[in-house]
Amino acid sequence: MTLRRVAVTGLGVVAPLGASVEELWKNLVAGRSGVHRLPASISQGLRSPIGASVSFDGKNHFEPPRLRLLDRVSQMALVAARQAIVDSRVDFAAEKRERCGVFVGTSMGGAETTEEGYHTLYAQQSDRIKPYSVLNAMANAPAAWIGIDHGLYGPMLTYSTACSSSAVALGEAARRIQHGDVDVMLAGGAEAPLVVGVLRAWDAMKTLATEDAHDPSTSCRPFAATRTGLVLGEGAAFVVLEDWSHAFARGAIIHAELTGYGLTSDVAHITRPTIEGQAKSMQSALFAANLAPEAIDYINAHGTATSQNDAVETAAIKVVFGERAHTIPVSSTKSMHGHLLGAAGALEFVITTLSLARGVVPPTMHLNVPDPACDLDYVSGHARAARLQTAMSNSFAFGGTNAVLILKAVPVANSA
Amino acid sequence: MSTLDTLVDILTRDYCVAREQITAEATLETLGLDSLSVLELMFKIEDRYKVKITDDPPTDLLTVSDVVRYIDSLLPGNSATRNLNQLEASTDT
Numbered sequence: 001m002t003l004r005r006v007a008v009t010g011l012g013v014v015a016p017l018g019a020s021v022e023e024l025w026k027n028l029v030a031g032r033s034g035v036h037r038l039p040a041s042i043s044q045g046l047r048s049p050i051g052a053s054v055s056f057d058g059k060n061h062f063e064p065p066r067l068r069l070l071d072r073v074s075q076m077a078l079v080a081a082r083q084a085i086v087d088s089r090v091d092f093a094a095e096k097r098e099r100c101g102v103f104v105g106t107s108m109g110g111a112e113t114t115e116e117g118y119h120t121l122y123a124q125q126s127d128r129i130k131p132y133s134v135l136n137a138m139a140n141a142p143a144a145w146i147g148i149d150h151g152l153y154g155p156m157l158t159y160s161t162a163c164s165s166s167a168v169a170l171g172e173a174a175r176r177i178q179h180g181d182v183d184v185m186l187a188g189g190a191e192a193p194l195v196v197g198v199l200r201a202w203d204a205m206k207t208l209a210t211e212d213a214h215d216p217s218t219s220c221r222p223f224a225a226t227r228t229g230l231v232l233g234e235g236a237a238f239v240v241l242e243d244w245s246h247a248f249a250r251g252a253i254i255h256a257e258l259t260g261y262g263l264t265s266d267v268a269h270i271t272r273p274t275i276e277g278q279a280k281s282m283q284s285a286l287f288a289a290n291l292a293p294e295a296i297d298y299i300n301a302h303g304t305a306t307s308q309n310d311a312v313e314t315a316a317i318k319v320v321f322g323e324r325a326h327t328i329p330v331s332s333t334k335s336m337h338g339h340l341l342g343a344a345g346a347l348e349f350v351i352t353t354l355s356l357a358r359g360v361v362p363p364t365m366h367l368n369v370p371d372p373a374c375d376l377d378y379v380s381g382h383a384r385a386a387r388l389q390t391a392m393s394n395s396f397a398f399g400g401t402n403a404v405l406i407l408k409a410v411p412v413a414n415s416a
Numbered sequence: 001m002s003t004l005d006t007l008v009d010i011l012t013r014d015y016c017v018a019r020e021q022i023t024a025e026a027t028l029e030t031l032g033l034d035s036l037s038v039l040e041l042m043f044k045i046e047d048r049y050k051v052k053i054t055d056d057p058p059t060d061l062l063t064v065s066d067v068v069r070y071i072d073s074l075l076p077g078n079s080a081t082r083n084l085n086q087l088e089a090s091t092d093t
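Quick note, the sequences are listed as chains A and B, same order.
Following my numbering, the residues of the first sequence are numbered contiguously, the last one being 416.
Following my numbering, the residues of the second sequence are numbered contiguously, the last one being 93.
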């Protein structure tokens with residue numbers, strides 16, 4: 001069976017560095033950080049009161065009756081998904097709607113709603129739980145609302161594999177297109193974890209970065225000897241994925257081609273990553289894309305800035321790419337936008353797409369003190385112009401689900 | 001503020017219902033309130049009138065006049081008739 005090709009035709013983001021693709025890109029290339037000290041109302045009691053929040057107010061996008069039905073995670077998802085649809089210029093009214101679907105990745109779901117419910121119950125000692133609580137908090141709410149808003153009668157699924165959730169959503173959506181089940185898929189991720197209960201839970205794991213005493217915005221330092229952990233971020237990122245012939249026939253602008261998706265599991269420990277698991281997911285994606293390791297020009301790393309991940313990911317890249325590992329640019333944009341958990345994979349896929357289309361590798365910031373265990377070319381400090389044909393985006397996760405996506409640049413004739 | 005005025009205020013402000021849509025016989029459903037919205041509406045009524053609704057609201061709260069009557073039944077004294085007359089007068093104009 002010949003697999004169909006998958007075109008990336010739409011991009012949308014609501015992210016810490018920008019609530020639009022252009023704003024995000026401009027800030028990434030400039031090396032700006034979206035990490036900052038969080039308001040005391042949510043960060044009180046945290047050892048490290050920092051995060052990467054989005055300047056986003058649902059009131060600017062939804063009327064009150066609608067807003068009550070939407071947790072922040074769904075609000076951001078709907079706005080980012082709409083951006084991607086507008087960018088793609090797809091007209092669902094003109095499509096066979098049962099051949100259009102939506103796959104979403106999220107880790108914590110409607111955390112704000114869950115928190116409000118517990119606050120009502122335990123802090124206020126009240127039984128007035130909002131009637132909409134279940135509908136707002138359920139993990140599949142973002143996918144459901146996107147499907148309802150845009151009339152997508154095809155598959156509607158939600159993936160929750162912690163930090164690889166949305167990379168899985170994109171990869172699985174691409175497979176549906178490759179196998180001919182659907183023509184157009186909205187795929188992405190959304191996460192809104194910046195509420196007291198979730199922040200405190202992450203704090204308790206001791207995986208969060210220590211706040212930099214002089215400049216909180218530099219606290220996330222992937223691959224540096226001085227890295228102290230991840231910084232939680234919020235936001236949503238969506239792409240429109242489309243059968244190549246379908247996109248071509250309607251004259252769509254194609255940003256990139258999604259050519260490979262690798263999925264493996266560590267099956268070792270609930271948090272500790274393995275070199276083998278990560279390496280095999282990269283190899284699996286290369287196999288799916290029918291590429292040799294030599295073909296990869298850029299790796300957007302998972303690069304969380306935890307002690308464990310960055311050393312293991314570096315070692316895994318060396319297993320896959322051998323000596324050439326040292327000459328491939330590898331960057332962790334989490335140094336700037338933080339870790340969006342379930343939305344991270346989709347956001348970084350969007351960034352990797354822009355990187356290919358625009359010939360610029362975004363930097364890893366705040367890597368001032370190298371770690372001997374992390375000795376690759378991390379594009380430290382400054383963005384770099386580069387001719388890129390093929391790029392890889394890594395997403396690894398607590399629980400051990402490793403997802404890797406490979407993208408190919410589109411010849412200028414088809415692209416923007 | 002009469003019961004009716006209060007209800008109109010809640011419906012227009014929190015549920016974005018247009019004032020001219022609100023008539024005595026308009027059903028909550030046609031005003032865009034589903035069953036969960038009606039449950040939520042009860043919380044708002046509790047807050048406005050500082051009353052505690054202990055039982056589930058009656059299942060036949062279908063129209064605006066039903067809700068006005070129900071609210072008034074929760075309050076000391078009974079002003080339902082006055083409120084409904086006022087509603088009819090205001091929707092005539």
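Glycine included, C-beta positions come from ideal geometry on N, C-alpha and C.
Listed by chain order, chain A residues near residue i by CB distance under 7 Å
i, result
"B:LEU39", "PRO131"
"B:LEU36", "PRO131 and TYR132"
Beta-bridge pairing of residue i - partner residues as DSSP gives them
i, result
"A:TYR159", "A:GLY105"
"A:LYS408", "A:GLU257 and A:THR390"
"A:GLU191", "A:GLY235"
"A:LEU341", "DSSP output for A:LEU341 lists no bridge partner at all."
"A:ILE299", "A:VAL330 and A:MET392"
"A:LEU241", "A:VAL8 and A:MET185"
"A:SER265", "A:THR401"
"A:SER380", "A:THR364"
"A:LEU230", "A:LEU208"
"A:PRO370", "A:ALA224"
"A:THR306", "Bridge partners of A:THR306: none, in fact."
"A:GLY18", "A:ALA15"
"A:GLY51", "A:HIS36"
"B:THR27", "B:THR63"
Given residue i as reference, the closest of the options once Cα atoms are compared
i, options, result
"A:ALA80", "A:ARG32, A:GLY31 and A:LEU186", "A:LEU186"
"A:ALA346", "A:ALA173, A:ARG47 and A:MET365", "A:ALA173"
"A:PHE349", "A:GLY399, A:ALA391, A:PRO131 and A:GLU242", "A:ALA391"
"A:GLY417", "A:ASN402, A:PHE56 and A:SER335", "With chain A covering only 1 through 416, there is no way to say anything about residue 417 of chain A."
"A:LEU170", "A:GLU242, A:THR218, A:ASN140 and A:SER217", "A:GLU242"
"A:GLY31", "A:ASN394, A:PHE398, A:SER380 and A:PHE396", "A:SER380"
"A:TYR153", "A:LEU208, A:SER393, A:GLY399 and A:GLU95", "A:GLU95"
"A:THR314", "A:LEU157, A:GLU276 and A:ARG72", "A:GLU276"
"A:CYS374", "A:HIS326, A:GLY117 and A:ALA77", "A:HIS326"
"B:LEU28", "B:LEU62, B:ILE71 and B:TYR70", "B:LEU62"
"A:VAL330", "A:MET1, A:ALA301, A:VAL319 and A:ARG324", "A:ALA301"
"A:VAL90", "A:ASP183, A:SER33 and A:ALA289", "A:ASP183"
"A:LEU367", "A:LEU376, A:PRO65 and A:GLN44", "A:LEU376"
"A:GLY180", "A:ASN60, A:ALA344, A:ARG99 and A:GLU23", "A:ARG99"
"A:SER33", "A:ARG47, A:SER265, A:GLY51 and A:GLY117", "A:GLY51"
"B:SER37", "B:ASP60, B:LEU11 and B:LYS50", "B:LEU11"
"A:LEU38", "A:THR114, A:ILE270 and A:ARG200", "A:ARG200"
"A:SER433", "A:ALA204, A:VAL29, A:TYR132 and A:GLU294", "Since the first residue shown for chain A is 1 and the last is 416, residue 433 of chain A is missing from the structure and cannot be characterised."
"A:ILE296", "A:PHE92, A:ARG272, A:THR271 and A:GLY322", "A:GLY322"
"A:GLU191", "A:ALA111, A:GLU63 and A:VAL29", "A:ALA111"
"B:THR59", "B:GLU25, B:LEU39 and B:SER73", "B:LEU39"
CB-CB length for residue i against residue j, believed under 8 Å
i, j, result
"A:ASP127", "A:PHE223", "No, A:ASP127 and A:PHE223 are not in contact; Cβ-Cβ is about 50 Å, not under 8 Å."
"A:VAL410", "A:HIS246", "In fact, because the Cβ distance is near 15 Å, the residues do not count as touching under 8 Å."
"A:ASN402", "A:GLN278", "5 Å"
"A:VAL319", "A:PRO293", "About 10 Å separates the two Cβ atoms, so there is no contact after all."
"A:ALA143", "A:THR158", "5 Å"
Beta-carbon spacing of residue i, residue j below 8 Å
i, j, result
"A:PRO363", "A:SER355", "no"
"A:SER74", "A:GLY342", "no"
"A:SER281", "A:GLY260", "no"
"A:ILE406", "A:ALA285", "yes"
"A:LEU67", "A:TRP145", "no"
"A:THR207", "A:GLY229", "yes"
"A:SER217", "A:THR210", "no"
"A:ARG175", "A:PRO155", "no"
"B:LEU31", "B:VAL68", "no"
"A:VAL312", "A:THR353", "no"
"B:ILE53", "B:THR3", "no"
"A:ALA344", "A:SER55", "no"
"A:PRO370", "A:ALA225", "yes"
"A:GLY400", "A:SER307", "no"
"A:ASN27", "A:LEU11", "no"
Residue i: contacting residues in chain B (beta-carbon distance under 7 Å)
i, result
"A:GLU63", "CYS16"
"A:ARG128", "PHE43"
Amino acids of chain A, ordered along the chain, whose beta-carbon sits closer than 9 Å to that of residue i
i, result
"B:SER62", "Note on identity: in this sequence residue 62 of chain B is Leu, with Ser being the wrong assignment. None at all; the shortest Cβ gap to chain A is about 18 Å."
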